[in-house]
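Student: To start, I am sharing the structure in question, which I have written as structure tokens.
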Amino acid sequence: MEVDSGSFRTGNCCQAELLARRLEYDHIVESKYRCGSLPRRVPVLAKQGNALLSKEKFLDHQFHFFSKGIKRLAIEAKTANLTVFLVHLSLTYYNRQSQLQQLYKLVKTTQGPVIVAGDFNVLWGDQELELFLAATHLRNANDQGQPSHPSRSPKRQLDFILYSPDLTVEKFFIPDVIFSDHAPLVCDFS
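For the sequence shown, my numbering assigns the number -14 to the initial residue and increments by one for each residue that follows.
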């Protein structure tokens, strides 16, 4: 999820930490801008991040920064039985395709069940993901193609939860709530 990790907008409070504490979940949070970049030097932007929350303890995590795009972060987190990648891909088609190539390499070297989720910004439609899905053998949990953006009146699918074939989707839905410009995706796996 996209969070503010402690700027003046949230009273210097990390939203991910607050949610994790209240839910008694583990969490990982990182700025979506790489160290040394211009956005990372602007206080309000430096605190814009991505976060993962989990009922299960994270055993390990890594922050990968793609070589292209302003938003470059991919969080890789491992639990006992699963690896999750959380991404927020570039708005620019060329950079997004480069990021997908790099993400492919990360996914293909991962052992065991995998979930890749986040804002893919596929502004030209989900066909942008066809090669990535074919190469990784991941599946879209939103098999009906329900739109999630903009949240006030969803018209397109920019947000995805992709999963490996050794997982089963038990339930997928998009709640009718407005927390940001993107509606949240909810998926239960077994």
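Glycine residues also receive a C-beta, built at the ideal position from the N, C-alpha and C atoms.
Let me see if you follow: with CB-CB separation under 9 Å, is SER133 close to chain D or not?
Tutor: The displayed structure is made up of one protein chain only, and chain D is not part of it.
Student: Is the Cβ-Cβ distance between ASP128 and LEU170 less than 9 Å?
Tutor: Taking the sequence shown and counting its residues from 1, one reaches residue 128 at position 143. Taking the sequence shown and counting its residues from 1, one reaches residue 170 at position 185. No.
Student: Locate the beta strand (DSSP E) running through ALA102, then write down its first and last residues.
Tutor: The count along the sequence shown starts at 1 and reaches residue 102 at position 117. First-last of the beta strand (DSSP E) with ALA102: 99 to 104.
Student: Quick one: Cα of TYR78 to Cα of VAL107, how far?
Tutor: By one-based count along the sequence shown, residue 78 stands at place 93. By one-based count along the sequence shown, residue 107 stands at place 122. Roughly 8 Å between the two C-alpha positions.
Student: Quick one: residues in its chain with C-beta nearer than 7 Å to the C-beta of ALA120, no 5 flanking neighbours on either side, listed in chain order?
Tutor: Taking the sequence shown and counting its residues from 1, the one referred to as residue 120 is at position 135. Same-chain partners within the cutoff: TYR89.
Student: Would you say ALA59 and LEU44 are within 9 Å of each other, going by their C-beta atoms?
Tutor: Locating residue 59 in the sequence shown gives position 74, where the first residue counts as 1. Locating residue 44 in the sequence shown gives position 59, where the first residue counts as 1. No, the Cβ-Cβ distance between ALA59 and LEU44 is not below 9 Å.
Student: On the CB-based measure, 16 or more other CB atoms within 10 Å of its CB, does ARG57 come out buried or exposed?
Tutor: The count along the sequence shown starts at 1 and reaches residue 57 at position 72. Buried, since its Cβ has 16 or more Cβ neighbours within 10 Å.
Student: Measuring CB to CB, does LEU8 end up less than 9 Å from LEU38?
Tutor: As a first step, residue 8 is located in the sequence shown; it is residue number 23 there, counting from the start. As a first step, residue 38 is located in the sequence shown; it is residue number 53 there, counting from the start. Contact: yes.
Student: Output the distance between the C-alpha atoms of PRO150 and LEU123, rounded to the nearest integer angstrom.
Tutor: Translated into the one-based positions of the sequence shown, residue 150 becomes position 165. Translated into the one-based positions of the sequence shown, residue 123 becomes position 138. The alpha-carbon atoms of PRO150 and LEU123 are separated by roughly 7 Å.
Student: Beta-carbon within less than 8 Å of PHE117's beta-carbon, same chain only, minus the 5 sequence neighbours each way: which residues are those?
Tutor: Here residue 117 refers to the residue found at position 132 when the sequence shown is read from its first residue. Within the same chain, and ignoring the five residues on either side of PHE117 in sequence, the residues whose Cβ sits closer than 8 Å to its Cβ are LEU85, LEU88, TYR89 and LEU123.
Student: In this structure, how does DSSP classify LYS63 when only helix, strand and coil are distinguished?
Tutor: Here the question's residue 63 lines up with position 78 in the sequence shown. The three-state reading of DSSP puts LYS63 in strand, counting E and B together.
Student: Report all residues from its chain with a CB closer than 8 Å to the CB of TYR18; omit the five preceding and five following residues, and keep chain order.
Tutor: Position 33 of the sequence shown holds residue 18. Only PRO24, ARG25, LEU30, ALA31, GLN33, ILE55, LYS56, ARG57 and LEU58 meet the Cβ criterion.
Student: Where do the N-terminal and C-terminal ends of the beta strand (DSSP E) with SER39 fall, by residue?
Tutor: The residue given as residue 39 occupies position 54 in the sequence shown. SER39 -> beta strand (DSSP E) spans 33 to 39.
Student: Note down the Cα distance separating LEU152 from GLU41, rounded to an integer number of angstroms.
Tutor: Numbered from 1 along the sequence shown, position 167 holds the residue referred to as residue 152. Numbered from 1 along the sequence shown, position 56 holds the residue referred to as residue 41. About 17 Å.
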